[in-house]
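Structure first, commentary second.
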Amino acid sequence: MSTVLTSEIRKVTTLKFWWALALPPVFVGIGATAISSAVGKGMSDITGSEMNEVVLAGLFVALGAATLFGSVFSAINAGTEFRHDTITTSFLSARGRDRVIGAKVLVTALFALGYGLVVSILTILCMLAFTAGDFTLNGDVFGYIAAGLFVVVMWSLIGSGLGLLFGSPTWPSIAIVAWFPVGELVVLGILSGLGLVGFWQIAPGSLTLSTVVAWNLDDGNGLAEWPWAPIGLALWAALIVVAGWLRTRERDIS
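In case it helps, our numbering puts the sequence shown at residues 1 to 254.
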């Protein structure tokens with residue numbers, strides 16, 4: 001299995017898209033943190049209020065960007081070999097499909113987790129720098145980061161599952177980019193107009209938001225509660241990965 005893992009790591013590092021997709025969330029995180037830190041510090045100087053809640057908006061935006069680009073990276077990495085017809089060689093050299101699929105999903109998730117870690121660390125450093133050390137690192141901040149990293153990994157699994165399911169990097173990437181920011185809101189709005197309002201709490205985007213912030217809210221304002229939010233998101237990830245895995249096992253690659 002170690003040979004297959006090493007092979008998958010080399011496949012990722014020899015291509016340029018892994019670091020090309022890592023740069024946007026870094027820049028988004030720095031920019032969002034600069035803005036939220038300036039606003040938070042200004043409000044604190046004027047009103048004497050606690051700045052942490054305002055400054056944390058930058059962290060949430062950074063984690064959202066890491067989640068989106070990590071998921072797109074995962075979809076591309078899982079589906080690229082089908083486009084270039086190299087997946088056949090990978091399966092034959094590993095003497096089985098399951099080992100290749102498992103290694104690909106695992107390595108992809110680890111790289112996506114790396115996205116989240118780098119973005120989180122840089123965001124925290126920027127918060128401390130932009131607020132001249134007035135930002136307070138406490139348990140809530142680390143809790144948000146931990147929840148955010150969990151979300152990054154779950155969406156990486158979703159991206160990998162879609163890449164395997166479609167056997168292509170293009171449509172899964174388009175679906176993720178369309179769904180994550182606005183697509184889910186449009187679908188939920190249509191369902192709400194039809195009188196189907198219960199889907200809000202089980203949609204993957206809503207569960208993502210609930211996982212990151214609802215654990216620290218007294219009133220979830222309709223968000224799914226803990227621990228059901230992360231469990232629901234994990235179920236979405238597992239469902240899509242299993243579907244992609246099974247489809248890849250049966251796909252004709254000759």
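Beta carbons: idealized from backbone N, C-alpha and C, even for Gly.
Would you grab the beta carbon distance between residue i and residue j for me? Rounded to a whole angstrom, and I think it's under 8 Å.
i, j, result
"residue 25", "residue 62", "7 Å"
"residue 152", "residue 113", "6 Å"
"residue 79", "residue 172", "6 Å"
"residue 39", "residue 54", "6 Å"
"residue 162", "residue 175", "6 Å"
"residue 30", "residue 92", "Not a contact, Cβ separation roughly 44 Å."
"residue 146", "residue 8", "At roughly 26 Å, the Cβ-Cβ gap does not stay under 8 Å, so residue 146 and residue 8 are not in contact."
If you measure between the beta carbons of residue i and residue j, is that distance less than 8 Å?
i, j, result
"residue 34", "residue 116", "no"
"residue 37", "residue 111", "no"
"residue 76", "residue 17", "yes"
"residue 81", "residue 74", "no"
"residue 236", "residue 209", "no"
"residue 228", "residue 164", "no"
"residue 188", "residue 241", "no"
"residue 5", "residue 107", "yes"
"residue 251", "residue 167", "yes"
"residue 97", "residue 249", "yes"
"residue 41", "residue 140", "no"
"residue 232", "residue 238", "no"
"residue 211", "residue 230", "yes"
"residue 120", "residue 148", "yes"
Give every residue of the same chain whose Cβ lies closer than 6 Å to the Cβ of residue i, excluding the five residues on either side of it in the sequence, and list them in chain order.
i, result
"residue 205", "184"
"residue 253", "87 and 88"
"residue 136", "52"
Residues in its own chain within less than 8 Å of residue i by CB, not counting five upstream and five downstream?
i, result
"residue 69", "21, 22, 24, 25 and 115"
"residue 109", "74, 153, 156, 157 and 160"
"residue 132", "41"
"residue 126", "29, 30, 33, 34, 37 and 58"
Residue range of the alpha helix (DSSP H) that residue i falls in?
i, result
"residue 111", "97-130"
"residue 52", "52-83"
"residue 3", "2-13"
"residue 248", "228-250"
"residue 20", "17-20"
"residue 89", "87-94"
"residue 213", "204-213"
Do residue i and the ligand NAD come close, with the Cβ less than 7 Å from some heavy atom?
i, result
"residue 160", "Questions concerning the ligand NAD fall outside what the structure shown contains, since it holds no ligand whatsoever."
Please return the same chain residues whose Cβ sits closer than 7 Å to the Cβ of residue i, not counting the five positions on each side in sequence.
i, result
"residue 94", "4 and 100"
"residue 203", "184 and 188"
"residue 169", "75, 76, 79, 80, 83 and 163"
"residue 150", "211 and 230"
"residue 247", "164 and 165"
Q: Please specify which runs of the alpha helix (DSSP H), each continuous and at least 4 residues long, are wholly inside the stretch 124-194, giving them in chain order.
A: For the stretch 124-194, whole alpha helix (DSSP H) runs of length 4 or above, ordered along the chain, are 139-166, 170-178 and 184-193.
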